[in-house]
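Enquirer:
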Amino acid sequence: MTTDQAEEIALLEAEATAALEGALDLAALEESERAAFRSKRSRFAEMYQALGSKEPEERRVVGRLLNELRGRLEAVAEARRAELTAAARAERLGADRLDLTEVLPGRLAGHLHLVTQVREALEDVFIGMGYEIAEGPEVETGWRNFEALNIPEDHPARSPLDTFYVDFGKPWSVLLRPHTSPVQIRLLERGTLPIYAVVPGRTYRKDTPDSTHLPVFHQIEALVVDRGVTFADLKGTIDTFVRAIFGEGTRTRLRPAYFPFTEPSAEFEMSCVICGGEGCRTCSGVGWIELGGCGMVHPAVFEATGVDPEQWSGFAFGFGIDRIAIMRHGIADLRVMIENDVRFLGQF
Ligand code: PHE
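Laid out in structure tokens, this is it:
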């Protein structure tokens, strides 16, 4: 082998390595590979062909050097291919990413739905009063939803005209909960007292959507069970949370009502946020807006869950989160909540 040949091989390696390592994308890399050693017209191929006319000894030595060089160049090309493939993938992922927090001109930033915001505001108020946040399943047993809540067989709420039943287990035994009250039963079943809990969640009723009803809506339930809990505690708690959400000037009142799982029972109302109690369209001229139901936990509910009503007493209340949201923001129609119109959602 001549010094010229050795130098030429070294030069070829330096140039080809630089070209392969410097390739900016996969297409350029392939082009560099061809130019360096794959194409028949490459300098590498020419040197290989030239061996044919050489002496056997030289053919052997130079041939081996060229084969080793090809191996090294292939390794360099492979390494560069791996780098470029990873970079291309990272770039694709970057392009596909949706940054919902960045506000572009003329676009909206992503944010929590109004109902979620109001739910969290309510949770904050109750956490501030020392309550735990509890949850229960949206698919519930008829036993927790009705029997354990002292709701008799012939109660209208049990009709399949009002409640969605699920085709599971015994007929009419499993349903989409029409209120969050069955979670009262779950909390009592835990057997740990006292209880200070609020339960937000989705609820279902066979209602035709209109300005004040949605078939899928949200409630929040409160359950307090302790020694010596009174009706005055119930009234004070309702008063406190309503003023925290709607402002200090808001008043509340109770009106007698009937719920099978509370005794005595009441509906609670707040002074109209629009007119302050004067009477306007929002409150149909009466100055008060009904929020939900409440009462002292019925002894039958304690008995169904093994709690001694001689030792423990409690109150419960429940109301619609969606309605609180429209009231708090003066929205005329509940249906906008589920229409996904950004002109509405973007205001909150
Ligand atoms: N669950 C009742 C309803 O959905 C409200 C309620 C809850 C009443 C707790 C009393 C006590 O109408």
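Reminder that position 326 of the sequence shown reads as 325 in numbering that gives the first Met the number 0, one-by-one numbering, no gaps. Ideal placement from N, C-alpha and C gives every residue a C-beta, glycine not left out.
(1) Rounded to a whole number of angstroms, what is the C-alpha to C-alpha distance between Glu90 and Leu23?
(2) Using the three-state DSSP reduction, which class does Arg252 fall into: helix, strand or coil?
(3) Please find out if some non-hydrogen atom of ligand 1 comes closer than 7 Å to the beta-carbon of Ala299.
(4) Rounded to whole angstroms, what's the CA-CA distance from Gly127 to Leu83? Just pull it up for me.
(5) Can you tell me whether DSSP reads Tyr382 as helix, strand or coil?
(6) Using the beta-carbon count (16 or more within 10 Å), is Phe167 buried or exposed?
(7) Take the Cβ of Asn144 as the centre, count every other Cβ of all protein chains shown within 10 Å, and call the residue buried at 16 or more, exposed below.
(8) Just to check, is the beta-carbon of Gly348 closer than 7 Å to a non-hydrogen atom of ligand 1?
(9) Which residues share a DSSP beta bridge with Met326?
(10) Are Trp311 and Leu192 closer than 8 Å when you measure CB to CB?
(11) Less than 8 Å separating the beta-carbons of Leu174 and Phe260?
(12) Give the DSSP-derived three-state secondary structure of Pro199 in the structure shown.
(13) Excluding the five sequence neighbours on either side, which residues of its own chain have a C-beta within less than 7 Å of the C-beta of Glu262, listed in chain order?
(14) Can Glu268 be considered in contact with ligand 1, in the sense that its beta carbon sits closer than 7 Å to one or more heavy atoms?
(15) How many angstroms separate the CA atom of Leu19 from the CA atom of Leu103?
(16) For Ile194, name the three-state secondary structure that DSSP assigns.
(17) With DSSP collapsed to three states, give me the class of Gly141.
(18) Tell me which same chain residues have a C-beta within less than 8 Å of the C-beta of Thr304, skipping the five on either side of it?
(19) In terms of residues, what are the limits of the beta strand (DSSP E) holding Gly313?
(20) Is the CB-CB distance between Thr202 and Pro170 below 8 Å?
(21) Which residue spans inside the stretch 203 to 277 form an unbroken beta strand (DSSP E) run of at least 3?
(22) Here's the rule I'm using: 16 or more other beta-carbon atoms within 10 Å means buried, otherwise exposed. How should Val138 be labelled?
(23) Between Arg33 and Ala13, what straight-line distance do the alpha-carbon atoms span, to the nearest angstrom?
(24) Compare the C-alpha of Asp225 against each of Gly313, Gly276 and Phe240 and name the closest.
(25) Roughly how many angstroms lie between the CA atoms of Trp142 and Gly227, to the nearest whole one?
(26) Would the beta-carbon of Ser312 be found less than 7 Å away from any heavy atom of ligand 1?
(27) What does Cys293 pair with, by DSSP beta-bridge criteria?
(28) Measuring alpha carbon to alpha carbon, tell me which of Arg254, Asp232 and Met269 ends up nearest Gly246.
(29) Starting from the Cα of Ile330, find the closest Cα among Tyr47, Leu113 and Ala49 and give me that residue.
(30) How is Val61 classed by DSSP in three states: helix, strand or coil?
(31) Looking at Gly284 and Gly278, is the spacing between their C-beta atoms short of 8 Å?
Expert: So, from the listed chains and residues:
(1) Roughly 14 Å between the two C-alpha positions.
(2) strand
(3) no
(4) 54 Å
(5) No statement about residue 382 is possible, as the shown extent of the chain runs from 0 to 347 and does not include it.
(6) exposed
(7) It counts as buried.
(8) Residue 348 cannot be examined here, being either before or after the span of the chain that is shown, 0 to 347.
(9) Bridge partners of Met326: none, in fact.
(10) yes
(11) no
(12) strand
(13) Cβ neighbours of Glu262 beyond the five flanking positions: Gly294, Met295 and His297.
(14) no
(15) 40 Å
(16) strand
(17) Looking at Gly141 - three-state DSSP - the assignment turns out to be helix.
(18) Ala147, Ile184, Leu187 and Glu188
(19) Ser312 to Gly319
(20) One thing to note: Thr202 has its Cβ no nearer than 8 Å to the Cβ of Pro170.
(21) 215 to 225, 251 to 258 and 261 to 270
(22) exposed
(23) 16 Å
(24) Gly313
(25) 28 Å
(26) no
(27) Ala265 and Phe316
(28) Taking only the C-alpha atoms, the option nearest Gly246 is Met269.
(29) Nearest of Tyr47, Leu113 and Ala49 to Ile330, Cα basis: Leu113.
(30) helix
(31) yes
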